[in-house]
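J.: Chains as they are written, first to last, in our numbering: chain A, -8 to 309; chain B, -8 to 309; chain C, 85 to 423; chain D, 85 to 423.
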Amino acid sequence: MDEPTQIEMYAWMKLTRTFDEQMVAMWKQGRGLGGTFSGRGHEAISVGAGMALGPDDVVAPMHRDLGTYLVRGMRPERIFGNMLGKATGASRGRDANLHGVGDLDLGIIGFISHLPQSLPTTLGVAMAFKYRDEPRAAMTFVGDGGTTSGAFHETLNMAGLWQAPFVLVIENNQYAYSTPLDQQMHSPNFSERASVYGITTVTVDGNAVIDVFETCAEALERARMGGGPTVIEATTMRMLGHAIHDGAEYVPAGLLEEWERRDPVTNHRKHLLESDVASEATLDQLDATARERIAAAIADAEGAPMPDPDTLGDGVYA
Amino acid sequence: MDEPTQIEMYAWMKLTRTFDEQMVAMWKQGRGLGGTFSGRGHEAISVGAGMALGPDDVVAPMHRDLGTYLVRGMRPERIFGNMLGKATGASRGRDANLHGVGDLDLGIIGFISHLPQSLPTTLGVAMAFKYRDEPRAAMTFVGDGGTTSGAFHETLNMAGLWQAPFVLVIENNQYAYSTPLDQQMHSPNFSERASVYGITTVTVDGNAVIDVFETCAEALERARMGGGPTVIEATTMRMLGHAIHDGAEYVPAGLLEEWERRDPVTNHRKHLLESDVASEATLDQLDATARERIAAAIADAEGAPMPDPDTLGDGVYA
Amino acid sequence: MSDNFGFTETPASSGRELTYLEAIAEAIRLEMERDENVLVMGEDVGGGFGGAFKVTKGLAERFGDRRVLNTPIAELGFTGMASGMALMGLRPIIEMQFADFISTAFDSIVQFASTAHYRMDAAVPWVIRAPSDGGIRSGPFHSQNPEAWFVHTPGLKVVAPATPADAKGLLTAAIRDDNPVIYFEAKPLYRSLKSTVPAGEHVVPLGSAVIRRHGTDVTVISYGSMVHQVSAAAEAVEADGISTMVVDLRSLKPLDVETILEAAASTGKVVVTHAANRMAGVGAEIAALIAEEAFESLDGPIVRMGGADTPVPFSPPLEDAYRPDAAKIAGAIRELAAW
Amino acid sequence: MSDNFGFTETPASSGRELTYLEAIAEAIRLEMERDENVLVMGEDVGGGFGGAFKVTKGLAERFGDRRVLNTPIAELGFTGMASGMALMGLRPIIEMQFADFISTAFDSIVQFASTAHYRMDAAVPWVIRAPSDGGIRSGPFHSQNPEAWFVHTPGLKVVAPATPADAKGLLTAAIRDDNPVIYFEAKPLYRSLKSTVPAGEHVVPLGSAVIRRHGTDVTVISYGSMVHQVSAAAEAVEADGISTMVVDLRSLKPLDVETILEAAASTGKVVVTHAANRMAGVGAEIAALIAEEAFESLDGPIVRMGGADTPVPFSPPLEDAYRPDAAKIAGAIRELAAW
Ligand SMILES: Cc1ncc(C[n+]2csc(CCOP(=O)(O)OP(=O)(O)O)c2C)c(N)n1
Ligand SMILES: Cc1ncc(C[n+]2csc(CCOP(=O)(O)OP(=O)(O)O)c2C)c(N)n1
Ligand SMILES: [Mg+2]
Ligand SMILES: [Mg+2]
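#1: Is any beta-carbon of chain C found at less than 8 Å from that of D:His236?
#2: Exposed or buried, A:Leu303, counting other C-beta atoms within 10 Å across all chains shown (16 or more means buried)?
#3: For A:Ala87, go through chain D and note every residue whose CB falls closer than 7 Å to its CB, in chain order.
#4: In the DSSP assignment, the beta strand (DSSP E) including C:Phe147 goes from what residue to what residue?
#5: Output needed in chain order: residues of the stretch 131 to 153 of chain A with a Cβ under 8 Å from some Cβ in chain D.
#6: Please list, in chain order, all residues of the same chain as B:Trp18 whose beta carbon is under 7 Å from its beta carbon, the five residues on each side excluded.
#7: Please go through the stretch 151 to 232 of chain D and give each complete alpha helix (DSSP H) segment of 4 or more residues, from N-terminal end onward.
#8: Got a sec: does ligand 6 put a non-hydrogen atom nearer than 7 Å to the Cβ of A:Ala35?
#9: What would DSSP say about D:Arg418, mapped onto helix, strand or coil?
#10: How long is the line joining the alpha carbons of D:Met125 and D:Met165, rounded to whole angstroms?
#11: Write down every uninterrupted run of the alpha helix (DSSP H) in the stretch 251 to 299 of chain B whose length is 4 residues or greater and which is fully enclosed by it, in chain order.
#12: Is the CB of D:Ile386 under 8 Å away from at least one CB in chain C?
#13: Output needed in chain order: residues of the stretch 189 to 207 of chain C with a Cβ under 8 Å from some Cβ in chain D.
#14: Closest by CA to D:Val208, which one among D:Asp217, D:Pro245, D:Val194 and D:Arg221?
#15: Taking only heavy atoms of ligand 2 into account, decide whether any of them is closer than 7 Å to the Cβ of B:Arg55.
#16: Which of the three DSSP states is assigned to B:Tyr166 in this structure?
#17: Return yes when at least one heavy atom of ligand 1 lies under 7 Å from the C-beta of D:Leu382, else no.
#18: Just tell me which of C:Glu346, C:Arg297, C:Ser309 and C:Pro282 has its CA closest to the CA of C:Met329.
#19: When you compare the CB positions of B:Tyr141 and A:His105, do they come within less than 8 Å of one another, or not?
#20: Straight-line CA distance for A:Ala239 to A:Asp254?
#21: Okay, do the stretch 278 to 286 of chain C and the stretch 228 to 238 of chain C touch, 3+ Cβ pairs below 8 Å being the bar?
#22: Thinking just about the alpha-carbon of each residue, which of D:Asn263, D:Leu174 and D:Ala246 is nearest to the one in D:Thr199?
#23: For the stretch 203 to 236 of chain A, which residues have a beta carbon sitting closer than 8 Å to at least one beta carbon of chain B?
#24: Taking B:Ala117 as the reference, give the member of B:Ile70, B:Val49, B:Pro67 and B:Pro179 with the closest Cα.
#25: Less than 8 Å between CB atoms is the rule here; does C:Pro395 satisfy it with respect to chain B?
#26: Tell me whether B:Tyr166 counts as near ligand 4, meaning its Cβ is closer than 7 Å to at least one heavy atom of that ligand.
#27: Measure the CB-CB distance between B:Ala150 and B:Tyr188 and report whether it falls below 8 Å.
#28: Can you tell which of B:Glu265, B:Val133, B:Glu125 and B:Gly134 has the C-alpha that lies nearest to the C-alpha of B:Pro46?
#29: Hey, how far is the Cα of A:Asp237 from the Cα of A:Thr59?
#30: Starting from the beta carbon of A:Asn163, find every residue of chain B whose beta carbon is closer than 7 Å, and list them in chain order.
#31: May I ask whether a heavy atom of ligand 1 can be found less than 7 Å away from the beta carbon of A:His233?
#32: Per DSSP, which residues does B:Phe102 bridge with? Please list them.
#33: Which residues in chain B have a C-beta closer than 8 Å to the C-beta of C:Asp404? List them in chain order.
#34: Out of curiosity, what's the CA-to-CA distance linking B:Arg215 and B:Arg127?
#35: Quick one: grab the DSSP three-state call for B:Asp313.
#36: In the DSSP assignment, what are the bridge partners of A:Ser82?
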């Protein structure tokens, strides 16, 4: 992989991590509105997948895929604005946190709360590409928890049947809210589960951004070329609670320690340094840029106006 | 297998077939009401599975499982009565054809139209047995078509997770209405699809009543003894149209001819004769009994009163 | 057969007689010819079969499998899929095999399709064709009229044509509309009702009701197949000297509030009727609207007639007791006229 | 806090102050102690966690995992499963993590559970606990009030308590009822509302409304958290010399028709209000009922106030514009009183 791309990965992951940390801090200080979700630990997946997307591809990210939104060009101002219910937010005050942060001009479908509704929707996007014979792919994400829902099965069955240009990333982060894998399913054999539908399956270390990127890039290219759908299981760990209010006392401390050692941002930084791809100074510079970028976004969002209540009814219909 | 049981199988299959043929004839003569479904070709499955059930087991049959209702003790009068909308029908005029033909005293849950809702419902029955630590099993059926629906996945995932005393028979009859298997799924690998959930799977010739019986009996016994769920794929062919009005012109004639040679009733008769289990006279006698039994049931149902319109609101609530 | 119902089709120019079903099929075919983005999907709609009611018969031969897509039994999945297609500019027409099965796709309709534009400015232009209504001995799972669930849901549009001409015109409008539209077709009318339908392009705007019959004593508001029962009832009470105004809503969401209120005010006496069960049905909305906005003009209670609060029973005497019909409606008109 | 709302709890004997949430938890615990067939199931309800809102906290420790079952994310499947359990005599209490997610289980509720007794004489005694309602900045998918869908569906019962005492009493009745009951708990009240709750057995029969405040000028009918806004509005308009009767429906299906009609007739002026969106909401049923059955007693239009016909927006100024509140209700009362 070329060096600039590897450095770019770091920049996006760091921007994502910084956003996440600042967001958590704001909410803890009572400067937030409603609840919010941290994607800490998921940066390699969200950034790796996001960077693998081509300009004409479409993606429907989830609540822990902040990096994908950012890489795809969603300005942090619009995301913080959304979280604070501002008129400048992506949903203009209509939807909360990362929900509804969508923009078809950027090829992003906003997060849909009811799990896993992004699956059939994204299959439809893929089928539209197929219908028009366009070399484009559609990608979405699902948590381990979302895979036990009926829409998972219906979508993958049809994706396999029609060999749609569809890529699904399963973010297996060990928990669905408080529920560990062994209370969700007999065995977390995600690849087997997907392969019965006639779908290519791959498992990847979800904390290794280069691996995620390459796996996704290959799957997306196969999809664009008519090679059909892929399901990628990316293993990782949810490092904070389910949402901001959740202390996640139910997660064994040892598990978090183990995964902390595998932190995707730290490890990619280490890799860049050890392999001499980037210098400490370069990376420090990227860290500083991320801090500034996020500080500016927060300032913008906090300073932005609330929506005018008279706009309540606007946009219910196209 | 002991000889009386083999003969009993013939008796039930013949009763089922005779019912089915008389029903089709009635509807063609305009003596029916609304639509109805033939289970011709499915007798080995419905009778074999029905006979495998223990007295305390519960079953939720489908629209082609007439034999299961009969074996389980649902009197033909109540079924014909149901089909004709009579007050004496199993649902007292409320539900149509085999829909709603249920009676918990007989351990039968009436057919539920929305496919495949009998799956989660039957899992609940199984979980109730498990909750009370009773050595009982719950069984239901699904067509090839019903397997592509979300409830299939949600149910099997939970059945595997909790190792419920649950047995599912997939009646793979090659079609869902006009839609052949290859337009339903990438590959009709039902056993693989079920085994990913941690469920024992078996495939059986759905036209061989002894095989069906033995497979089901083993699965039910395993379930009762705490050995967990089983999914049985029984391969067969829907020999008539989807419902009475459907000529099934979309089914290749050759396919029907091939399966006609594998007719479950004819073949079981041949087997009984060739293996000297029963004489021609014995079987002819059973045929005559079936004809009389069904003629009596039809006469009873046709002579029965319609429900009193004043009872419209009765029984909406318990 | 429309003569039986005692009213003339609104747009009667240059038409031919088509059945209700043929009018639906014609609308689909014309829109598929006009716009490459229009496609049909659902269980058994494709190949030589053409769907449970044969509405889509011939389309696969004409437009190919790409535009007439047979789906597995997966209403939740394929309706969600249609939303994704619609986001990309396609205009899927989804056939529910029966309206009853729409509950299986419910989550996707009421949570995603209905909110996408509000939340992310993205249009979801699909149509669900839902063969609804009973009276033909189909039992509780093939006779439902589930429109109220959707009329209550913001972001959807809901229509229910009563005539072949409206069946064509409303479906054309629904396909061209940029929002998710649920189109309830009355399956008892499929082959039993034949009347004049304009040839070529014919659009009936969503949100416009029509007065099927003018009258001065009592206003009866209805939609779908029930309009014909109302017209027959109006005919019947004329012999008693009662003059009935008949309003066919056509669109249930958005409602044509102006026409409803004017028609209610003009007679001061109103009956609202539909085949769906009465409790919290669409009739409740109409009655509540009038009770609030036309209260001063009212000369009597607003009478609602709907199905009983039971599942739709199969047996003829029970189903007949369940459903409003011309005789029951005439009774209600007479009683209200005498009030 | 209940003092703010200006009304006394109905069954105030021998009680202690409990929050709305504690009252729910107490009902569940007492019924689990009383009847071995009662169990709790849903996402995250088990273990030490006790559900997203901690309503079931402590139950797993007390009753074991067998009776407090953590489920995967599979609302359709586990609600259907609860129906099967109920057929076998168990009494599952299903927790929807948010009422909003009930649409995912919709098919199973409206097609199987609601029709089983009518079609096969088999009781389905489950309760779905659905944490509903907004006003707390949770956005379109965590603020819904979806009761109208279920009130329209024959065979279901629907309740919506407004006070801790009713929360306990209605949940107890719902668990003991032999039918499927949807219990909408108002999550904004969970911890904000604390008032007297009878200790020990406490049953509020399904189908009985209660007059929260007597008055002679205007009757306001409501349920759930909105009752508190109505009470505050009644308090406010008293200063203007307007005497308001406040009806808390408690049960939405079956409705307490007698109390509704008497309360409406006694003042002749009625406001109906709820947080769910107005169009074809439960308020429409109430208004239509009154417009038909109490027409002669009416002295003014029946005023409905509900949420706007939009998804529930997240941003405070939008959500405030969306929801009825004490000030808006007081405005409506004043206007109607002057009519
Ligand atoms: C149908 C549905 N039920 C319940 C929820 C509430 N909910 C939101 S996130 C979540 C857990 C999801 O777990 P998983 O899919 O593993 O994703 P993760 O949060 O771990 O990234 C739940 C239960 C929901 N959003 N949708
Ligand atoms: C959710 C749902 N969608 C559609 C239908 C209509 N329908 C009834 S039977 C059937 C075909 C079922 O095929 P399969 O499951 O293979 O059973 P078979 O009829 O072949 O025995 C369809 C589509 C239904 N009952 N439920
Ligand atoms: Mg997870
Ligand atoms: Mg089949």
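C-beta atoms are modelled at their ideal positions from N, C-alpha and C, and glycine is treated no differently.
T.: Reading it off the structure:
#1: Translated into positions along the fourth sequence, residue 236 of chain D becomes position 152. Judged by the 8 Å Cβ criterion, D:His236 is in contact with chain C.
#2: To locate residue 303 of chain A, count along the first sequence from 1; it is residue 312. Burial is judged here by how many other beta carbons sit within 10 angstroms of a residue's own beta carbon; A:Leu303 has at least 16 and is buried.
#3: Walking along the first sequence from the start, residue 87 of chain A turns up at place 96. Ordered by position in chain D, the residues that pass the 7 Å Cβ test against A:Ala87 are Ser222, Gly223 and Phe398.
#4: Here residue 147 of chain C is taken as the residue at index 63 of the third sequence, counted from 1. Element bounds for C:Phe147: not the beta strand (DSSP E) but the alpha helix (DSSP H), Leu143 to Phe147.
#5: Within the stretch 131 to 153 of chain A, the qualifying residues are Gly136, Gly137, Thr139, Ser140 and Gly141.
#6: Locating residue 18 of chain B in the second sequence gives position 27, counting from the first residue. Answer for B:Trp18: Thr27 and Ile235, listed in chain order.
#7: Correct list: 159 to 171 and 200 to 204.
#8: This structure lacks ligand 6; its bound ligands are ligand 1, ligand 2, ligand 3 and ligand 4.
#9: Your numbering for residue 418 of chain D matches position 334 in the fourth sequence. Note: D:Arg418 maps to helix in three-state DSSP.
#10: Numbered from its first residue, the fourth sequence carries residue 125 of chain D at position 41. Numbered from its first residue, the fourth sequence carries residue 165 of chain D at position 81. Take the alpha-carbon of D:Met125 and the one of D:Met165: they are about 10 Å apart.
#11: Residue ranges of uninterrupted alpha helix (DSSP H) with 4 or more members, entirely inside the stretch 251 to 299 of chain B and ordered along the chain, are 255 to 265 and 271 to 294.
#12: Numbered from 1 along the fourth sequence, position 302 holds the residue referred to as residue 386 of chain D. Yes, D:Ile386 lies at the interface with chain C (some Cβ there is under 8 Å from its Cβ).
#13: Those residues of the stretch 189 to 207 of chain C that come within reach of chain D (Cβ to Cβ, closer than 8 Å) are Phe190, Asp191, Val194, Gln195, Ser198, Thr199, Tyr202 and Arg203.
#14: One-based indexing of the fourth sequence puts residue 208 of chain D at position 124. Ranking the options by Cα distance to D:Val208, first place goes to D:Val194.
#15: Mapped onto the second sequence, residue 55 of chain B falls at position 64. Yes, the Cβ of B:Arg55 comes within 7 Å of a heavy atom of ligand 2.
#16: Position 175 of the second sequence, counted from the first residue, corresponds to residue 166 of chain B. Correct three-state label for B:Tyr166: strand.
#17: In the fourth sequence, residue 382 of chain D corresponds to position 298, counting from 1. D:Leu382: no, Cβ never under 7 Å from ligand 1.
#18: Against the third sequence, residue 329 of chain C aligns to sequence position 245. Cα-wise, what sits closest to C:Met329 is C:Arg297.
#19: Indexing the second sequence from 1 puts residue 141 of chain B at position 150. Indexing the first sequence from 1 puts residue 105 of chain A at position 114. One point to set straight first is that residue 141 of chain B is Gly, not Tyr, in the sequence displayed. Cβ distance not < 8 Å, so B:Gly141 and A:His105 don't count as in contact.
#20: In the first sequence, the residue the question calls residue 239 of chain A occupies position 248. In the first sequence, the residue the question calls residue 254 of chain A occupies position 263. Cα to Cα, the separation comes out at about 18 Å.
#21: Contact between the stretch 278 to 286 of chain C and the stretch 228 to 238 of chain C is absent, with fewer than three C-beta pairs closer than 8 Å.
#22: Working through the fourth sequence from its first residue, we reach residue 199 of chain D at position 115. Comparing Cα positions, the closest option is D:Asn263.
#23: Answer set for the stretch 203 to 236 of chain A: empty.
#24: Numbered from its first residue, the second sequence carries residue 117 of chain B at position 126. Distances from the alpha-carbon of B:Ala117 to those of B:Ile70, B:Val49, B:Pro67 and B:Pro179 put B:Val49 closest.
#25: Numbered from its first residue, the third sequence carries residue 395 of chain C at position 311. Yes, C:Pro395 lies at the interface with chain B (some Cβ there is under 8 Å from its Cβ).
#26: Within the second sequence, the letter at position 175 stands for residue 166 of chain B. B:Tyr166 Cβ: within cutoff of ligand 4.
#27: Taking the second sequence and counting its residues from 1, one reaches residue 150 of chain B at position 159. Taking the second sequence and counting its residues from 1, one reaches residue 188 of chain B at position 197. A contact, by the Cβ cut-off of 8 Å.
#28: Here residue 46 of chain B is taken as the residue at index 55 of the second sequence, counted from 1. Ranking B:Glu265, B:Val133, B:Glu125 and B:Gly134 by Cα distance to B:Pro46 puts B:Glu125 first.
#29: Numbered from its first residue, the first sequence carries residue 237 of chain A at position 246. Numbered from its first residue, the first sequence carries residue 59 of chain A at position 68. When rounded, the distance between both Cα atoms is 24 Å.
#30: Sequence index remark: in the first sequence, residue 163 of chain A carries index 172 (1-based). Those within 7 Å of A:Asn163 in chain B number zero; the least Cβ separation is about 15 Å.
#31: The residue given as residue 233 of chain A occupies position 242 in the first sequence. Because some heavy atom of ligand 1 lies under 7 Å away, the Cβ of A:His233 counts as near it: yes.
#32: Within the second sequence, the letter at position 111 stands for residue 102 of chain B. Per DSSP, the beta bridge partners of B:Phe102 are B:His90.
#33: Stepping through the third sequence from its first residue, residue 404 of chain C is reached at position 320. Going along chain B in sequence order, the residues near C:Asp404 (Cβ under 8 Å) are Pro300.
#34: The residue given as residue 215 of chain B occupies position 224 in the second sequence. The residue given as residue 127 of chain B occupies position 136 in the second sequence. Spanning the two alpha carbons is a distance of roughly 5 Å.
#35: Only positions -8 to 309 of chain B appear in this structure, which leaves residue 313 of chain B out of reach.
#36: Translated into the one-based positions of the first sequence, residue 82 of chain A becomes position 91. Under DSSP, A:Ser82 takes part in no beta bridge, so it has no partner.
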